[in-house]
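Residue numbers (my numbering): 311 to 491.
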């Protein structure tokens, strides 16, 4: 009488257990490989990183190879090189943008003013979490400071002798406004 076994004396339960163990070992090996590959990250000289552990961010600024806990920590890198944008003109075509460049002086004259604003991220946590569009906010702060400063000078100072003083005042105002927040 035949009882459902294989001719070699094996049985279906032993084969399914062996296959189950093999599948478990393969899945475990894949998880270990993925965890091992996701345990390291590198920071370049021009970068800083924000590592979040269970949602709590902290900054890492030392360049090089670093270790993180996979599936628990997440890393977001921030470029800390000097970046910039133009105000009052299009960088590609050089055409004037009237909405940005046209300003009024203290003696009620209109003047077209062009600026190039350079910035560098100093706090990567704020750069990532403080706003969705930090460059847009910086541009608006810069425009506000430029307009209020130009409005304090007469047209001759804006065009000729007061350029350096105006630039220094604008830079100081922008820095003050950004440090407030």
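Cβ coordinates follow ideal geometry from the N, Cα and C atoms, glycine included.
Taking all protein chains in view, the Cβ of residue 410 is crowded by 16 or more other Cβ atoms within 10 Å, so the residue is classified as buried. In this structure, DSSP gives residue 357 an extended state, which the three-state scheme calls strand. Cβ contact annotation for residue 447 (same chain, cutoff 6 angstroms, sequence separation greater than five): 441, in chain order.
Nearest neighbour of residue 429 by Cα position, chosen from 420, 438, 444 and 457, turns out to be 444. Every unbroken stretch of the alpha helix (DSSP H) spanning 4 or more residues and falling wholly within the region 388-439 is given here in chain order: 408-411 and 434-439. The way I'd put it, the region 387-400 does touch the region 412-430; three or more beta-carbon pairs between them come closer than 8 angstroms. The beta-bridge partner set that DSSP reports for residue 386 consists of 360.
In the structure shown, residue 446 adopts helical secondary structure according to DSSP, grouped into three states. The three-state reading of DSSP puts residue 374 in strand, counting E and B together. By the criterion of at least three beta-carbon pairs nearer than 8 angstroms, the region 371-381 is in contact with the region 349-362.
Here residue 388 really is in contact with residue 431; their C-beta atoms are around 6 angstroms apart, less than 8 angstroms. Relative to the Cα of residue 435, the nearest Cα in the group 366, 331 and 339 belongs to 366. When the beta-carbon positions are compared, residue 456 and residue 468 stay at least 8 angstroms from each other.
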